Structure formats: C-alpha cells, structure tokens
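> My structure is below; once you've seen it, I'll send some questions.
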Amino acid sequence: MYQIYGMDSRHIRWLYFFLGGFLAGILILNIWRDSFVQDMEFLSAASLSRLKFLEVDGKAFFRYVLQERLGTAALLCLLATTYIGAVSVSAYALWMGTMAGIFLSVASIRYGIRGIALALVSMMPHYLLLVPVCIMLMDWCYHLNMALYHSERMAESGYGRGKQYLIKEIPRLLVIAGVLIGESVVESYVNPVLLSGFLKIF
C-alpha cells in the first residue's frame, strides 16, 4: 500500500520522470542543435536586447499566464477522470522536465555561466509558487483517478470513493486554483521587472 499511496514513493517517481524528461530535453537539444540555437531566435542576443526595454502590459500578460495555468490544470483534472489519468500525471512531469532541459541547455550553450544565471533569474520568484502548486495539482489528480478507478483501495486508505472523494476534495482544488492565480500575478507583474533589470547588466 505504501508503494502505491505513500507520499514519498509517489513523489520520487514523479521526480524520476522529471529528471528523465530533463535528460531527454538535453538530448533533443543536442540532436537538433541547429534548429534551436541557429535557426530560432529563442534566447538570442537580439531577443534579449528587446526585452531590456520592453514595457510589459501587465493586465494582458496576466490574462495570458492565467489562461495557460488554469487551462493546463483543467486539462489535467479532466484527464484524471479517465482511465489514463494516472499516466497523464507522470507524462506531465516528463513534459515539464523536457522543457526545463531544453531551456537550460539553450541558455548555457548561448551564454555559458551567464546563461545559467539568466535561466535562474527568469524562473524566480514565481517558481517558488509554481513548483509546489504543480505537485499539489498532480497529487490531487492522481488521487481523483484512484478514487474513480480503484475505489476499493482508496476507501481502505480513508480517502473515500469516487464522487465522495471529489466532494470532499473540492476545497483543496479551490486552494490550488487560488495559488495558481497568485503565481500568475507574481509571474506577470514581478518577474518582468526583475528580468528587465537583470538584462540591463547582463
């Protein structure tokens, strides 16, 4: 039972998927290096130069970020109600790792140590909210899927069955949505200021 429902074992498994995706991202970058580094403007000097003095429309950016965050959360919750819900959570961890691997690799190839610093600055401080809330969301979706398709095991663990679990856990889902909104505010209004300031001394 611990291997299935234990917090440590499950989260470590997701960490493995994230790290596997991270390595896959590095591999993809090395295979299609020209496409990412030479043929695209992704993190190019020209694109960063424009960001230095770019005035971000906070409201428009906030709407975009919030739509992306809540849209992803809604998709994961929807997939959690299907038979592949548990697999989709692991796939999400794999995808996040892959994107992180590609981003960090491009930054380091273009700018070396400065690129790693750029990557860290671009992720702060909103990642301090994004990472925990993603884990909370994945955990919620996983348990919902277990409650719907393995209700006998969930009942034994005290989580309840199907709709019973869903009703019981709606408040936690609302908390997750609230944190996602807060993360979107930080990413939209705080991160652009910090990144712009960093780029001016980059």
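According to our numbering, the stretch in the sequence shown is residues 1357 to 1558, in order. The beta-carbon is built from N, C-alpha and C at its ideal position, and this holds for glycine as well. As the structure is a computational prediction, the values presented were derived from the model and not from experiment.
#1: Would you mind listing the alpha helix (DSSP H) stretches within the stretch 1474-1500 that are 4+ residues and don't spill past its ends, in chain order?
#2: At what residues does the alpha helix (DSSP H) containing Met1455 begin and finish?
#3: Can you look up His1506 in the DSSP assignment and give me helix, strand or coil?
#4: Who are the near neighbours of Gly1471 in its chain, counting only those whose CB is closer than 6 Å to its CB and skipping five residues on each side?
#5: Would you kindly work out how many angstroms separate the C-alpha atoms of Ile1387 and Ser1507, rounded to a whole number?
#6: Would you tell me roughly how many angstroms separate the C-alpha atoms of Phe1398 and Pro1488, rounded to the nearest one?
#7: Can you tell which of His1499, Arg1366, Leu1422 and Trp1451 has its C-alpha closest to the C-alpha of Ile1382?
#8: For the stretch 1418-1428 against the stretch 1529-1549, are there 3 or more C-beta pairs whose distance is under 8 Å?
#9: Could you work out which residue in Ser1391, Leu1550 and Glu1543 is closest to Tyr1420 when comparing CA atoms only?
#10: If you draw a straight line from the alpha carbon of Val1477 to that of Asp1413, how long is it in whole angstroms?
#11: Which stretch, first to last residue, makes up the alpha helix (DSSP H) that contains Phe1554?
#12: Looking only at C-alpha atoms, which of Ala1503, Tyr1498 and Arg1466 sits nearest to Trp1370?
#13: Excluding the 5 residues flanking Leu1555 on each side, which residues of the same chain have their C-beta closer than 7 Å to its C-beta?
#14: Hey, could you find the ends of the alpha helix (DSSP H) Glu1424 is sitting in?
#15: Is the CB-CB distance between Leu1474 and Phe1558 below 8 Å?
Judging by the given coordinates:
#1: For the stretch 1474-1500, not a single whole alpha helix (DSSP H) run of length 4 or above is found.
#2: Gly1441 to Tyr1467
#3: coil
#4: Ala1463 and Ser1464
#5: 44 Å
#6: 27 Å
#7: Trp1451
#8: At 8 Å Cβ cutoff, the stretches touch.
#9: For Tyr1420, the nearest C-alpha among the options comes from Glu1543.
#10: C-alpha of Val1477 to C-alpha of Asp1413: approximately 20 Å in a straight line.
#11: Asn1547 to Lys1556 is the span of the alpha helix (DSSP H), which, as asked, contains Phe1554.
#12: Tyr1498
#13: Leu1404, Leu1407 and Lys1408
#14: Gly1414 to Ala1436
#15: Cβ atoms of Leu1474 and Phe1558: closer than 8 Å.
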